[in-house]
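Residue numbers (my numbering), protein chains in the order written: chain R, 1 to 348; chain E, 1001 to 1348; chain S, 2001 to 2325; chain U, 3001 to 3325.
In what follows, a single structure is set out as structure tokens and then discussed.
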Amino acid sequence: MKKIAESVKQMLPTLTPLEAPEGMTKEEMTEIFYKMSLIREFDSSVKDLWMAGEIYGLAHSYVGAEAIGVGACMNLEKTDFISSTHRGHGHTIAKGGDVKAMMAELYGKYEGSNKGKGGSMHIADIGIGMLGATGIVGSGMPTAVGAALTSDVLDNGSVAVCFHGDGGTNQGVWHESMNLAAAWNLPCIFLTENNHLAIKTKLNESSKETELYKRAIGYGIEGIAIDGFNVFEVYKTMKYAVEKARNGGGPTLVEARFVRILGHFVADDQKYRDPQEEIDAWTADPVRRIKEYLYTRTDMFTQEEVDQIAADARAKVDEAIEYARHECTEPPADSLYTDIYANNEVIL
Amino acid sequence: MKKIAESVKQMLPTLTPLEAPEGMTKEEMTEIFYKMSLIREFDSSVKDLWMAGEIYGLAHSYVGAEAIGVGACMNLEKTDFISSTHRGHGHTIAKGGDVKAMMAELYGKYEGSNKGKGGSMHIADIGIGMLGATGIVGSGMPTAVGAALTSDVLDNGSVAVCFHGDGGTNQGVWHESMNLAAAWNLPCIFLTENNHLAIKTKLNESSKETELYKRAIGYGIEGIAIDGFNVFEVYKTMKYAVEKARNGGGPTLVEARFVRILGHFVADDQKYRDPQEEIDAWTADPVRRIKEYLYTRTDMFTQEEVDQIAADARAKVDEAIEYARHECTEPPADSLYTDIYANNEVIL
Amino acid sequence: MAIINYRQALNDALREEMTEDPTVMIMGCDVAPGGSFGVTLGLLDEFGPKRVRSTPISEPGFTGAGVGAAATGLRPIVEILYSDWITMCSDQIVNMAAKMRYMFGGKVNMPLVIRSPFGAGGGVAAQHSQSLEAWFNHIPGLKVCTPITPYDVKGMLKEAIRDNNPVMFFEHKRAYQLKGEVPEGDYTVPFGKAAVRMEGTDITIVTYSMMAVYAQSAAKKLAEEGISCEVIDLRSLLPLDYDTVMASIAKTGRVLVVHEAMLRGGIGGDIIAEIIERGFDLLDAPPARLGALNVPLPYNAGLESLCIPNEATIMEAVKKALSDK
Amino acid sequence: MAIINYRQALNDALREEMTEDPTVMIMGCDVAPGGSFGVTLGLLDEFGPKRVRSTPISEPGFTGAGVGAAATGLRPIVEILYSDWITMCSDQIVNMAAKMRYMFGGKVNMPLVIRSPFGAGGGVAAQHSQSLEAWFNHIPGLKVCTPITPYDVKGMLKEAIRDNNPVMFFEHKRAYQLKGEVPEGDYTVPFGKAAVRMEGTDITIVTYSMMAVYAQSAAKKLAEEGISCEVIDLRSLLPLDYDTVMASIAKTGRVLVVHEAMLRGGIGGDIIAEIIERGFDLLDAPPARLGALNVPLPYNAGLESLCIPNEATIMEAVKKALSDK
Ligand SMILES: Cc1ncc(C[n+]2csc(CCOP(=O)(O)OP(=O)(O)O)c2C)c(N)n1
Ligand SMILES: Cc1ncc(C[n+]2csc(CCOP(=O)(O)OP(=O)(O)O)c2C)c(N)n1
Ligand SMILES: [Mg+2]
Ligand SMILES: [Mg+2]
């Protein structure tokens, strides 16, 4: 296995070795690696396509965070919910989203998941419980609390996961969401994607206490810090938190620590950052970590098999690009006024 | 000394015996007791006057919280700032406000501290660093942070105290204010007046963790819980926190615990509450506690002296009522458009 | 028909809808023990603590929870105790509730009701007196209504609860004691249908909420002076029933728009501009408007009363609008 | 005179004011390294971390800190990165900054500037494209401005910083590269004085911000067709220079109000109602308005472009307003 840079180890004292959960099947591992690869390929392409001018607006990449979205969502049913951030592609894919519809959306096409009306920052798939990306930091947090409230009122057993960044934890609604979910003992898990940056602002510039899981104490709930580059650790921790929530144990705050590898948005050149940081961070690449693990540390996979899974993911994304480019259509002008109100009621 | 009811002791495990700080002078003790009595008399009268229809709008009484406002503000200079809540009379008096101007304000008079434009919920006295009551829970919190920011930028050595209720700690701006002050190491002290109620909602209904001082952990600052019925304890704790802030030590969260004795607002009949709670709470009456302490536990005061101080406070309030009733005038109609903009610029 | 008050009508609407539909729930500060205005009295006992929830003081948080709940199968009703404080949670209303359906390509439902008392009076001063409905009329995706009779408030709250769109439901805080006839049994009052409260021929007064009450008493007095006013209570502002407004103007040739919100930036300007676009030629005189003075509401009772339109100032404005006749 | 761009003009204004007055400071997300639009580049080095502060992502908190700082002796400038998000901190702006002086009987100062990029374009969709200036025009106690030339943006930002009232300072997010002449040395551009950008005789176009740019190009094309437009750039919306507007209408007899904000609830209605009140008799035709469609802004570039007024739709609206001539 490649070695993780010392500087990353210092930044992330939570870094832990990969170790598959006991009894995890080959299928499950395949799904994990496939989805992580799909996110990696999807968002790598999105960056290129944006630079090439095929995709526009603001797009934020989930590259580097794949272990978190996938490790978390592997524990969720289709009837469970997640709320998202400005970085929603990875969450959508992890929750089972269709990359063709997603790519079509980024191309602004009518066949897109949002009919071309949302784009990257609002990518959504309500049918599978993905409650939508939002471009306003914090705004999606109470959405998850609301989904958990629905579960509580209807007693339908579903749980909600609130994805958010470290920067997002400074929003007032984060506090209100945490407190509300705790006070009402709702089945809501708060998952902080702590990449130690909010655009150009470092975590320790915006928060005196950078061990964010400690904030859980103030709400009387459990807080856990984990290695966000380690998909199995995310999986295990979230399995615990999800089961707890499903069994009436209320919310948990999980702080998944990692390092932002790429820029804040797809065209960010990160000039404000020490270039070595990015180079070092790649050594902890979560996709490479799981990939190498599968064929070196389990006896379930050959290297060829693993390469094939990665290739399948790549092919899937290529197919999605082809689809978006050539098989989809521009939204008709008269779709402008639909979807504002239910049943396409139009109020001029 | 009268005995404090067992039920109150159970509600308030922080209840501590009164003990004057070493070296506190008779003048200081006199000021403490006088100001506490002034608040008590002022707000007792406000209730009566409201019921009699002389004062209107919404008014909230500080009765029962006197030890907190006075114990805190005794540590402040005129150049220090406080931000307030909907319960601002006590804060204003504690900071040195003029009860005549205050009473005139409640009567809506032009001679009032706010020219009759603010009333109880907006009572203010910027000249002595009282940054105004606000009727919106939470809205005044960042005001204190801003005052501390001014101190930091101008390096003028002043500190700011942010008064707020237990209910108020669930507002998003509370979290943002705490985090901001901590991240920027501002000279701002957060003082939670924890009376365990927010209108009719009990603290444990709106927060799972009711030990509110623990929330400080999440911001990397010190949190301290104290007996809010004990003026000396408030004084000593705030002295520590104020000195720390003035010396560059940043914010502290002080949770002063007590029990709301009267209703939420002056006409609240508290039918939703066990009447015994109010009766029991009176046994811990902070004004009586300090009063009895002064003539039984120090050898500085005779009972007559103490009674005289209380009588002076009463007389001062009576004078204020007379003033408001008979010596003040209604605001002229043309004052309607003044004070909207600086220099009485009018934009129609 | 029973005579009940506005508060009771609201309470009945909530009770009936909660009885009919187990996905309806309500939350807000102190709503479990009945709410600060008593609108939710008794609901806790009947429907239990899961569906009748007092919230922490966290307006953005619980409004946002309402958004999330509405997106996932509930029909939440969120109470914001004074409409001035909607400023705290307007991100959730404007950027989430109103836009989610559109941003997500029509694939989410948003049956959310925001109930909020508005209007001035009683010396509660600048932070407890505002009427900010114009803000929300500016936001596509929302519906906005302001019913003022017990009949309307009951029927329209039911309509709002059953609507699959986010509805801003503004109750007038001085109206809770207003009495009126309310039929037994289920009925709804649709959005976008104004009520002609009084028929007249000289001028059309377009108004809503408490000003509709004042406009009627002004109109009665004006009738004694021989001036015949048609009083239109809009009831819902978004959608707004321009058909009824224009039909009336076709008859009267003159119009006065009255609202309690401050004049500048109130919806009066918008309504006048729309009237002009739809029927400039119908007008025999410049369309006029009356609103609150552009002043933060003062505490002093005398000053306060100068700010808000009342029977007398409405009569004056009508006469001015007719002065060239 | 030097030719500089809008961004540089803003940067210069900040630098000059911070140099002159040690109580001026600026804060907002990422402003220390220069801000997302580069407006604050270089200020950190020059004025240090106490006066140039990147904030946590806490819009209500840091806006409120601005309020408190303004009340206690600073002249803070708060940046809200996209004006759509002012919905998060509007309580602090509307209920605190705007009302404090009045509620406190005139005894507090509020020299606070809220800088916020607004306007649509570039596929940033429904939560990054709104123009909500009408909300703030509704609130007494605030000033609201929308300068669009480098000259104006520099002079007006200086004016805003020196003003003792809270000022909503809306920058157009597609204007940062716009170039124009800016003199050396100190100058300010006052609030409440509109600029007549082009003189004309057939119709008055009242507009502001980016639409003032489009209106001028539309007017140039219309001139080729023999239609003479007077283009008024309001620059400040509160106060609003009705003297200049009415003087122009006295000459042209017709008016078209154009804004990028959505039509319903935009300030167009308000302006038209005010024009009618001030000079109905000056009008030879119904006053007209043009704004964005009442739609949450879609991502798709084609749909997006249908929503916002542009040169072509302005020309069309002018012709329609002149159609009876
Ligand atoms: C309310 C709000 N303020 C500011 C922004 C601008 N912004 C977009 S993403 C971002 C950083 C978010 O940081 P974090 O939550 O840590 O997520 P990350 O980008 O690191 O994944 C900021 C400040 C925003 N979108 N919304
Ligand atoms: C934003 C907002 N929400 C709700 C209210 C209504 N309200 C006024 S005081 C109050 C309770 C405040 O409780 P707490 O902060 O504990 O202060 P206390 O009254 O107990 O002193 C509430 C809910 C308000 N004024 N502002
Ligand atoms: Mg981050
Ligand atoms: Mg309390």
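For every residue, glycine included, the Cβ atom is placed at its ideal position computed from N, Cα and C.
C-beta neighbour in chain E for residue i, strict 8 Å
i, result
"U/Asp3021", "no"
"R/Gly248", "no"
Residue i vs residue j beta-carbon contact at 8 Å
i, j, result
"S/Leu2238", "S/Val2144", "yes"
"R/Pro251", "R/Phe190", "yes"
"U/Trp3135", "R/Ile136", "no"
"E/Pro1142", "U/Gly3061", "yes"
"U/Ala3273", "S/Gly2268", "yes"
"E/Val1145", "E/Leu1197", "no"
"S/Met2001", "S/Glu2181", "yes"
"E/Ile1126", "U/Lys3107", "yes"
"R/Thr92", "R/Met103", "no"
Straight-line gap, residue i to residue j (C-alpha atoms, nearest Å)
i, j, result
"R/Thr16", "S/Arg2007", "60 Å"
"E/Phe1301", "E/Ala1094", "22 Å"
"S/Val2024", "S/Leu2074", "6 Å"
"E/Glu1031", "S/Arg2235", "58 Å"
"S/Asp2324", "U/Asp3243", "25 Å"
"E/Gly1064", "E/Ile1261", "6 Å"
"R/Ala313", "R/Tyr323", "15 Å"
"U/Ser3217", "S/Val2196", "46 Å"
"U/Asp3030", "U/Glu3159", "24 Å"
"S/Leu2041", "S/Arg2051", "13 Å"
"S/Ile2275", "E/Phe1265", "46 Å"
"U/Asn3109", "E/Leu1253", "29 Å"
"E/Ala1005", "S/Gln2177", "41 Å"
"E/Asp1339", "U/Arg3101", "6 Å"
"U/Gly3034", "U/Leu3044", "8 Å"
Below-8 Å beta-carbon distance, residue i vs any chain U residue
i, result
"R/His60", "no"
"E/Ser1083", "yes"
"S/Lys2099", "yes"
From the options, residue whose alpha carbon lies closest to that of residue i
i, options, result
"S/Tyr2151", "S/Asp2012, S/Arg2174 and S/Cys2307", "S/Asp2012"
"E/Asn1230", "E/Phe1033, E/Lys1208 and E/Val1153", "E/Phe1033"
"R/Gln308", "R/Glu6, R/Gly69, R/Ser37 and R/Leu149", "R/Ser37"
"U/Leu3208", "U/Glu3277, U/Leu3290 and U/Asn3164", "Strictly speaking, residue 3208 of chain U in this sequence is Tyr, with Leu absent from that position. For the residues U/Glu3277, U/Leu3290 and U/Asn3164, the minimum Cα distance to U/Tyr3208 belongs to U/Leu3290."
CB contact check: residue i to chain R, cutoff 8 Å
i, result
"S/Tyr2102", "yes"
"E/Gly1220", "yes"
"S/Met2025", "yes"
Paired residues, beta bridge with residue i - DSSP
i, result
"R/Ser83", "R/Cys162"
"U/Ser3058", "U/Ser3058 pairs with nothing; no bridge assigned."
"S/Ile2232", "S/Val2196 and S/Val2206"
"R/Lys202", "R/Leu197"
"E/Ala1256", "E/Glu1193 and E/Ile1226"
"R/Cys188", "R/Ala160"
"S/His2172", "S/Phe2118"
"S/Cys2145", "S/Phe2169 and S/Ser2236"
CB contact check: residue i to chain S, cutoff 8 Å
i, result
"E/Pro1331", "yes"
"R/Met383", "Past the edges of chain R, shown from 1 to 348, lies residue 383 of chain R, and the structure says nothing about it."
"R/Gly146", "yes"
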